[in-house]
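A.B. asks: What follows is a structure written as structure tokens; I'll ask about it next.
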Amino acid sequence: MQIRFDEISPQGSRYEIKGGEVLADQQDFVVRAPLDAQCALSRKGDAKVALTGRLQVALSLVCDRCLGQYDVDLESDFQVLFEVESAESWRVKDLDARIADLDSEMLDEPVIDLDDVVRQQVYLALPMKNLCSEACKGVCSQCGTNLNVAACDCVEERKALPFAALARLKK
Ligand SMILES: [Zn+2]
Ligand SMILES: [Zn+2]
1 MQIRFDEISP QGSRYEIKGG EVLADQQDFV VRAPLDAQCA LSRKGDAKVA LTGRLQVALS
61 LVCDRCLGQY DVDLESDFQV LFEVESAESW RVKDLDARIA DLDSEMLDEP VIDLDDVVRQ
121 QVYLALPMKN LCSEACKGVC SQCGTNLNVA ACDCVEERKA LPFAALARLK K
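So in our numbering, spot 12 of the sequence shown is number 12, and the numbers just go up one at a time.
Printed below as a string of structure tokens:
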């Protein structure tokens, strides 16, 4: 969804992005329940638009440790300030960003690609580490067994080794 600055009403405009198309073809997750994103856009002068939004989506991720799939429900609030690039905007950018305390994004043209924004926000809302749980035991580096599901003999052997060596010494 492309929103031109001049389409946004002086009172502000609301847009809704629903469904799965925005997140289709993403390699990093599987969408379990379609995205629901609400965005409110309001004009801040000729060259600026402030966006406040909220999104909800249910995803399946792959755990980095055990490679198992696990589910996350994401909910995120976000704010972005869009500004059309100009010589002057560069000069005042730092000051403005600090005052507004918003993530600001420079645009070449006064057009916001809302799908893109929402997709970015989904990625920002993803956990830093893909772990099915903090306590995930991962897979055995020797035999590949998922240690959350089953124990394997490699672990047993490693633990048993010092005792076995001791026992041999005593003989
Ligand atoms: Zn895991
Ligand atoms: Zn093993």
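Backbone N, C-alpha and C define an ideal beta-carbon position, used for all residues, glycine too.
Can you give me the C-alpha to C-alpha distance between Arg32 and Leu74, rounded to a whole angstrom?
C.D. replies: Looking up residue 32 in the sequence shown gives position 32. Looking up residue 74 in the sequence shown gives position 74. Answer to the nearest angstrom: the Cα atoms are 11 Å apart.
A.B. asks: Which residue marks the beginning of the alpha helix (DSSP H) containing Val118, and which one marks its end?
C.D. replies: By 1-based counting over the sequence shown, the position of residue 118 is 118. Looking at the DSSP string, the run of the alpha helix (DSSP H) that includes Val118 is Leu114 to Ala125.
A.B. asks: Could you give the distance in angstroms between the alpha-carbon of Cys63 and the alpha-carbon of Gly45?
C.D. replies: Along the sequence shown, read from residue 1 onward, the residue named residue 63 stands at position 63. Along the sequence shown, read from residue 1 onward, the residue named residue 45 stands at position 45. For Cys63 and Gly45, the distance between alpha carbons rounds to 45 Å.
A.B. asks: Between which two residues does the beta strand (DSSP E) carrying Leu59 extend?
C.D. replies: Here residue 59 is taken as the residue at index 59 of the sequence shown, counted from 1. From DSSP, the beta strand (DSSP E) with Leu59 extends over Lys48 to Val62.
A.B. asks: Taking C-beta to C-beta, are Ile8 and Leu55 nearer than 7 Å?
C.D. replies: By one-based count along the sequence shown, residue 8 stands at place 8. By one-based count along the sequence shown, residue 55 stands at place 55. Cβ distance not < 7 Å, so Ile8 and Leu55 don't count as in contact.
A.B. asks: With distances taken from CA atoms, which of Phe29, Gln142, Asp25 and Val118 is nearest Ser76?
C.D. replies: Sequence index remark: in the sequence shown, residue 76 carries index 76 (1-based). Out of Phe29, Gln142, Asp25 and Val118, Val118 has the C-alpha closest to the C-alpha of Ser76.
A.B. asks: Report the option in Gly68, Leu67, Asp103 and Cys66 whose CA atom is closest to the CA atom of Phe82.
C.D. replies: Counting from 1 along the sequence shown, the entry for residue 82 is found at position 82. When each option's Cα is compared against that of Phe82, the closest is Asp103.
A.B. asks: I'd like to confirm something about Arg65: is its beta-carbon nearer than 6 Å to some heavy atom of ligand 1, or not?
C.D. replies: Taking the sequence shown and counting its residues from 1, one reaches residue 65 at position 65. Arg65: yes, Cβ under 6 Å from ligand 1.
A.B. asks: Where do the N-terminal and C-terminal ends of the beta strand (DSSP E) with Ile8 fall, by residue?
C.D. replies: Here the question's residue 8 lines up with position 8 in the sequence shown. Counting along the chain, Ile8 falls outside any beta strand (DSSP E), and DSSP gives it neither H nor E.
A.B. asks: Sorry if obvious, but does the Cβ on Gly20 come closer than 6 Å to a heavy atom of ligand 1?
C.D. replies: Numbered from 1 along the sequence shown, position 20 holds the residue referred to as residue 20. The answer is no for Gly20.
A.B. asks: Alpha carbon to alpha carbon, what distance is there between Cys39 and Gly138?
C.D. replies: If you number the sequence shown from 1, residue 138 lands on position 138. If you number the sequence shown from 1, residue 39 lands on position 39. Answer to the nearest angstrom: the Cα atoms are 39 Å apart.
A.B. asks: Please work out which residues of its chain come closer than 7 Å, Cβ to Cβ, to Val246, disregarding the five sequence neighbours upstream and downstream, and give them in chain order.
C.D. replies: Outside the shown range of the chain, which is 1 to 171, sits residue 246, and nothing can be said about it.
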